[in-house]
Structure formats: C-alpha cells, structure tokens
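For what it's worth, this note's numbering labels the leading residue of the sequence shown as 19, then goes sequentially. The structure appears right after this line, and notes come after that.
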Amino acid sequence: MSHRTPADWVPQLFSGFLPAPTVDRVVQDFASHRDVPLAQLGVDSMAVMGLVLNLETVFALRIDYAAFDIETLRTMGTIEDYLTSVGCLTGGGSAA
C-alpha cells in the first residue's frame, strides 16, 4: 500500500491511540499539528511502544529496537520524517 499523505497514514497508525475526532483534526490540518508533541494530542507514554509496533504493522517495517530513537515519535512531523527516510512515504509526504 502506498502512503502518500497524512490522510493515508495517520488514521491507520493512530487508530486506538488517539480519539477519532483528534485524528480527523490532524488529517484536516496536518501543517498545524506537525510539530505538536504527541503528548499534547493525547498519546501517553504507555502508548509509545504500541505506536512502534503499529509502525511495523502498518508499514511492514522491521525496526531495530537497539538503534531506534524514541524521539522519532515526538511529533507527527518527526514520524513523517522517519517514514520518508525509510521509504514508506512516497509522492510528496505532507499535504499542503
């Protein structure tokens, strides 16, 4: 599956971690939410490992946990940057 815009990957990645209305707001205005810490959006520290596992599932990644920097999950933007760097986002990344 090709993940091109936040509308393609945010709902899949954050299902069960953020309330649906929050996910909808992020998708509708990704630029305004790009640098907001996930904790401010409602992702607690206990959910972070679940997000890592979800990254593996949604994007068919194999993450090296010894080398993985948890700061990758600090904001929507850092997640988008990581996904772009490992080739999971194609065709332009963020919606304008």
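Glycine included, each C-beta is placed from N, C-alpha and C at the ideal position.
**Q.** Same chain, Cβ closer than 6 Å to Met51, neighbours up to 5 away in sequence not counted
**A.** One-based indexing of the sequence shown puts residue 51 at position 33. Looking at the sequence provided, one finds His at residue 51 rather than Met. If we look at His51 and ignore the five residues flanking it on each side, its Cβ neighbours are Val44, Met94.
Q: Give a yes or no on whether the C-beta atoms belonging to Leu91 and Leu69 are separated by under 7 Å.
A: Taking the first residue of the sequence shown as 1, we reach residue 91 at position 73. Taking the first residue of the sequence shown as 1, we reach residue 69 at position 51. Contact flag set, yes.
Q) So Leu101 packs on Phe86, CB below 8 Å; how close in whole Å? A) In the sequence shown, the residue the question calls residue 101 occupies position 83. In the sequence shown, the residue the question calls residue 86 occupies position 68. In fact, because the Cβ distance is near 13 Å, the residues do not count as touching under 8 Å.
Q) Residues in its own chain within less than 6 Å of Ser33 by CB, not counting five upstream and five downstream? A) Taking the first residue of the sequence shown as 1, we reach residue 33 at position 15. If we look at Ser33 and ignore the five residues flanking it on each side, it has no Cβ neighbours.
Q) Which of the three DSSP states, helix, strand or coil, is assigned to Leu71? A) The sequence position of residue 71 within the sequence shown is 53, counting from 1. The answer is helix: DSSP assigns Leu71 an H, G or I state.
Q. How long is the line joining the alpha carbons of Leu71 and Gln30, rounded to whole angstroms?
A. Within the sequence shown, numbered from 1, the residue matching residue 71 stands at position 53. Within the sequence shown, numbered from 1, the residue matching residue 30 stands at position 12. So the alpha carbons of these two residues sit roughly 12 Å apart.
Q) Taking the runs of the alpha helix (DSSP H) that are 4 residues or longer, which of them lie wholly in the segment 31-98? A) Listed in chain order, they are 38-46, 48-51, 56-59, 66-77.
Q) Comparing alpha-carbon positions, which option in Asp53, Ser63, Ala25 lies nearest Val41? A) For the purposes of this step, residue 41 is identified with residue 23 of the sequence shown, where counting begins at 1. Ranked by Cα distance from Val41, the first of Asp53, Ser63, Ala25 is Ala25.
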